[in-house]
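Structure record follows, encoded as structure tokens.
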Ligand SMILES: Cc1cc2nc3c(=O)[nH]c(=O)nc-3n(C[C@H](O)[C@H](O)[C@H](O)COP(=O)(O)O)c2cc1C
């Protein structure tokens, strides 16, 4: 499908909201470049055949995307393979520091890599999200410290998110933004 105004769906799966805010930011940025954008929770995803491009984003829990996102990708594998797809995941990896932390942070968990490769996306990016100390086990806290976890709270890098959104805009040949979108 090739509309004069590209139609883009941004579909997200979140547990605590930081993936939704990234999806909303990317959606607003692409709409600001004159795309026709719909942002939706995966539970209320629109019919995919209406779109020229689909951006999928999910929080990472236990080295996997959330189950509702992996189910969605499996259920719509045919439409997704036919569409231009971009994928992002939101976890703690990109925030890890130090030699081991950086090395670990660049590794894509096996299950995420297989799901990603099953739809041959145009691009994939991992972003840091929001990591709250409350509820994290002592073992996970110790590992987080060991691998260079910098702090708890909001770890998102909005300039990395903005750069990725601009990369998608260039691939879709969208015009320059109408105005500047301020990070949340
Ligand atoms: C139960 C739980 C398990 C998590 N497991 C991982 C993990 O395996 N890898 C990772 O990078 N981040 C992990 N995280 C961190 C989350 O991915 C991070 O907090 C993310 O921002 C959540 O996105 P959301 O705010 O959209 O729910 C975990 C968080 C929770 C609460």
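Residue numbers (the numbering used here): 4 to 187. All residues carry an ideal CB built from backbone N, CA and C; glycine is no exception. Please read all numbers here as calculations on a predicted model, not as lab measurements.
Any non-hydrogen atom of ligand 1 within 7 Å of residue i CB
{"i": "residue 162", "result": "no"}
Selection from the options that minimises the alpha carbon distance to residue i
{"i": "residue 156", "options": "150, 171, 139, 146", "result": "139"}
{"i": "residue 91", "options": "72, 101, 146, 153", "result": "72"}
{"i": "residue 44", "options": "34, 32, 33, 58", "result": "58"}
{"i": "residue 34", "options": "77, 15, 9, 54", "result": "9"}
{"i": "residue 187", "options": "101, 11, 23", "result": "23"}
{"i": "residue 100", "options": "56, 129, 11, 154", "result": "154"}
{"i": "residue 111", "options": "129, 104, 103", "result": "129"}
{"i": "residue 166", "options": "126, 84, 104, 77", "result": "126"}
{"i": "residue 123", "options": "89, 27, 104", "result": "89"}
{"i": "residue 60", "options": "78, 25, 84", "result": "25"}
{"i": "residue 231", "options": "102, 109, 119, 103", "result": "Only positions 4 to 187 of the chain appear in the structure, and residue 231 is not among them; the question remains open."}
{"i": "residue 104", "options": "55, 146, 170, 54", "result": "146"}
{"i": "residue 84", "options": "27, 54, 142, 170", "result": "54"}
{"i": "residue 117", "options": "170, 77, 143", "result": "77"}
{"i": "residue 176", "options": "79, 142, 102, 38", "result": "38"}
{"i": "residue 80", "options": "102, 70, 174, 121", "result": "121"}
Close-in-space but distant-in-sequence residues of the same chain around residue i (CB under 8 Å, 5 per side omitted)
{"i": "residue 179", "result": "36"}
{"i": "residue 107", "result": "96, 99, 150"}
{"i": "residue 115", "result": "63, 66, 67, 68, 92"}
{"i": "residue 181", "result": "35, 36, 37"}
Residues of its chain near residue i, where Cβ-Cβ distance is below 6 Å and the 5 sequence neighbours each way are ignored
{"i": "residue 32", "result": "168, 184"}
{"i": "residue 15", "result": "22, 23, 26, 60"}
Same chain, Cβ closer than 7 Å to residue i, five either side skipped, listed in chain order
{"i": "residue 30", "result": "13, 40, 42"}
{"i": "residue 82", "result": "51, 52"}
{"i": "residue 172", "result": "33, 36"}
{"i": "residue 86", "result": "51, 54, 56, 57"}
Any non-hydrogen atom of ligand 2 within 7 Å of residue i CB
{"i": "residue 89", "result": "Among the ligands present in this structure, namely ligand 1, ligand 2 is not found."}
Inset, instruction - May I ask you to verify whether the segment 41–54 touches the segment 161–174, counting CB pairs closer than 8 Å and requiring at least 3? - result: When C-beta atoms of the segment 41–54 are compared with those of the segment 161–174, fewer than three pairs fall below 8 Å, so the two segments do not count as touching.
Legend entry - Those residues, in chain order, that have a beta-carbon closer than 6 Å to some heavy atom of ligand 1: Environment of ligand 1, chain-ordered: 17, 18, 19, 20, 21, 22, 62, 63, 64, 65, 66, 93, 94, 95, 96, 132, 133, 134, taking every residue with Cβ within less than 6 Å of a heavy atom.
Inset, instruction - Indicate whether the contact test is met: 3 or more Cβ pairs, each with one atom in the segment 116–135 and one in the segment 13–25, closer than 8 Å. - result: Yes, the segment 116–135 touches the segment 13–25.
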